[in-house]
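Asks:
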Amino acid sequence: MVPMLDRMVMNAHKDDVDHIMMGMAHRGRLNVLAHVLGKPYEMIFSEFAHAPDKTLVPSEGSTGINYGWTGDVKYHFGANREYVEGDESKTRITLAHNPSHLEFVNPVVGGYTRAVQDQRDESGYAKNDVNKAFNIQIHGDAAFIGEGVVAETLNLSQLRGYETGGSIHLIANNLVGFTTNHQDGRSTKYASDLAKGFEIPVIHVNADDPIACLTAVEFSYQYRKQFKKDVLIDLVGYRRYGHNEMDEPRGTQPQLYQDIDNHPTAYEVYANRLVEEKVLSEEESKTYKEDVKKQLREIYDNMKESEFKDPSVPDLPDEVVNGLDQIETAVELDALKKLNQDMLNVQKDLKGLRNLKKSLSAVKKHSMMARKLIGL
Ligand SMILES: Cc1ncc(C[n+]2csc(CCOP(=O)(O)OP(=O)(O)O)c2C)c(N)n1
Numbered sequence: 002m003v004p005m006l007d008r009m010v011m012n013a014h015k016d017d018v019d020h021i022m023m024g025m026a027h028r029g030r031l032n033v034l035a036h037v038l039g040k041p042y043e044m045i046f047s048e049f050a051h052a053p054d055k056t057l058v059p060s061e062g063s064t065g066i067n068y069g070w071t072g073d074v075k076y077h078f079g080a081n082r083e084y085v086e087g088d089e090s091k092t093r094i095t096l097a098h099n100p101s102h103l104e105f106v107n108p109v110v111g112g113y114t115r116a117v118q119d120q121r122d123e124s125g126y127a128k129n130d131v132n133k134a135f136n137i138q139i140h141g142d143a144a145f146i147g148e149g150v151v152a153e154t155l156n157l158s159q160l161r162g163y164e165t166g167g168s169i170h171l172i173a174n175n176l177v178g179f180t181t182n183h184q185d186g187r188s189t190k191y192a193s194d195l196a197k198g199f200e201i202p203v204i205h206v207n208a209d210d211p212i213a214c215l216t217a218v219e220f221s222y223q224y225r226k227q228f229k230k231d232v233l234i235d236l237v238g239y240r241r242y243g244h245n246e247m248d249e250p251r252g253t254q255p256q257l258y259q260d261i262d263n264h265p266t267a268y269e270v271y272a273n274r275l276v277e278e279k280v281l282s283e284e285e286s287k288t289y290k291e292d293v294k295k296q297l298r299e300i301y302d303n304m305k306e307s308e309f310k311d312p313s314v315p316d317l318p319d320e321v322v323n324g325l326d327q328i329e330t331a332v333e334l335d336a337l338k339k340l341n342q343d344m345l346n347v348q349k350d351l352k353g354l355r356n357l358k359k360s361l362s363a364v365k366k367h368s369m370m371a372r373k374l375i376g377l
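Our numbering puts the first residue of the sequence shown at 2, with every later residue one more than the last.
1. To the nearest angstrom, how far is the alpha carbon of residue 147 from that of residue 373?
2. Can you grab the Cα-Cα spacing for the pair residue 219 / residue 7, in whole Å?
3. Please report the residue range of the beta strand (DSSP E) in which residue 96 lies.
4. With residue 129 and residue 118 assumed to form a contact (beta carbons below 8 Å), what rounded beta-carbon distance in angstroms separates them?
5. Just verifying my parser: in three-state terms, what is the DSSP assignment at residue 82?
6. How many Å lie between residue 247 and residue 110 at the Cα?
7. Measuring CB to CB, does residue 19 end up less than 7 Å from residue 133?
8. What residues come near ligand 1, if near means a beta carbon less than 6 Å from any of its heavy atoms?
9. Report yes if the CB atom of residue 175 is closer than 7 Å to the CB atom of residue 239, and no otherwise.
10. Tell me the rounded alpha-carbon separation between residue 207 and residue 237.
11. Assuming residue 13 is part of the alpha helix (DSSP H), what are its boundary residues?
12. What does a CB cutoff of less than 8 Å around residue 178 pick up in its chain, not counting 5 residues either side in sequence?
13. Inspect the CB distances between the stretch 250-268 and the stretch 195-206 and report whether three or more fall short of 8 Å.
14. Less than 7 Å between the C-beta atoms of residue 96 and residue 2, yes or no?
15. Counting C-beta neighbours from all protein chains within 10 Å, is the total for residue 30 16 or more, i.e. buried, or is it exposed?
16. Near residue 99, what residues of its chain come up, given a Cβ to Cβ distance below 6 Å and the 5 sequence neighbours on each side ignored?
17. Sort out for me which residues DSSP pairs residue 140 with in a bridge.
18. What does the alpha-carbon distance come out to for the pair residue 57 and residue 36?
19. Could you spell out where the alpha helix (DSSP H) holding residue 302 opens and where it closes?
20. Determine the DSSP secondary structure at residue 203, reduced to helix, strand or coil.
21. Measuring CA to CA, which of 366, 322, 39, 27 is closest to residue 342?
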């Protein structure tokens, strides 16, 4: 998933896209934060160290405060980053904060996108420039078909008031929804089948084949650019561990996990391919892996928990700390009177609907009564 997102960022930067808005659930989020948003590993490790409850069982933290289930907060953080390469132009990548409520972030990132696309330099209606921003929505395979908000958001995708020139959807398909097999979680063959109803092209791709994944993403990016419509990649893979720290899938999905345990990791599959193609030696492939492990271990060992703030204490917005700007909001009384009068002046020969005429005369009557009451 990370190289796919990287490719989208690079393409967008080349095309002078100002903003990429992203929404995603928990699966893969820490890696996206670290590698796409550039969040330092020190910070991520520190959030785990700060978490009051490392097993995700609701309980009291060491301070005696009841944190409930909030120990999983580190999977919900957003971030943003400015991607600059070569020239001065920048592409800002924003990953929205996310509640546990699966898929609820989709209309939010759609709204973010439309807001930055709308150019309001001139008066009148805003001009929607869909080349300035796009959004990437990353879904779970069970959530995509199971949560109604997905269908609702897809329905907005071509409406004048909400369209953003197409979202790029990616299903992080790990075949299981917490502990539910797909045969028990959906009535369709593919996790992506809901998209068919909206005529969204779907690309199923094997997550073990990084080159195919990059081809899928290149196609999707170009499709959105050309046709200004949604496109979906069903990234079919698996997860090696449980849904969360408490889950043991070898108990709930023993057959599947026997297969997964016997299956080489994505790193091994790709490294073997590169070794076969003589791009990499076996030795180099091992060294890369060991080096990364060593780096992570060093970062972890040197981490000073106190250096990063407790994530359960939110940053207060400037407006709360310093108060709101003092803006003169009063309007001249005469201007208001004129506005009111103009609204009540109905052309004598107006050929309106009967109900409209009735409403207008009621408004006039109430307005006169109100003016009498306040002595205007
Ligand atoms: C709106 C909502 N409904 C239900 C849940 C409970 N829940 C948490 S994870 C999960 C399974 C999600 O499966 P999937 O979409 O396949 O994502 P995965 O975790 O497997 O990556 C469910 C039902 C939730 N968090 N939010």
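Glycine is no exception: its CB is placed at the ideal position from the N, C-alpha and C atoms.
Replies: Short version:
1. 57 Å
2. Rounded to whole angstroms, residue 219 to residue 7 spans 11 Å at the Cα level.
3. 91-96
4. 5 Å
5. strand
6. 30 Å
7. Going by C-beta atoms, residue 19 is nearer than 7 Å to residue 133.
8. 28, 101, 102, 103, 141, 142, 143, 144, 148, 173, 175, 177, 178, 179, 244
9. Judged by their CB atoms, residue 175 and residue 239 are nearer to each other than the 7 Å cut-off.
10. C-alpha separation (whole angstroms): 5 Å.
11. That run of the alpha helix (DSSP H) goes 3-15.
12. 141, 142, 143, 144, 147, 186
13. Contact fails between the stretch 250-268 and the stretch 195-206, because fewer than three Cβ pairs, one in each stretch, are under 8 Å apart.
14. no
15. buried
16. Closer than 6 Å at Cβ, skipping near neighbours: 77, 106.
17. 172
18. At residue 57, the pLDDT of 48 sits below 50, so the modelled position is not reliable; the number obtained from the coordinates is stated separately. Roughly 25 Å between the two C-alpha positions.
19. Counting along the chain, the alpha helix (DSSP H) containing residue 302 begins and ends at 283-303.
20. strand
21. 366
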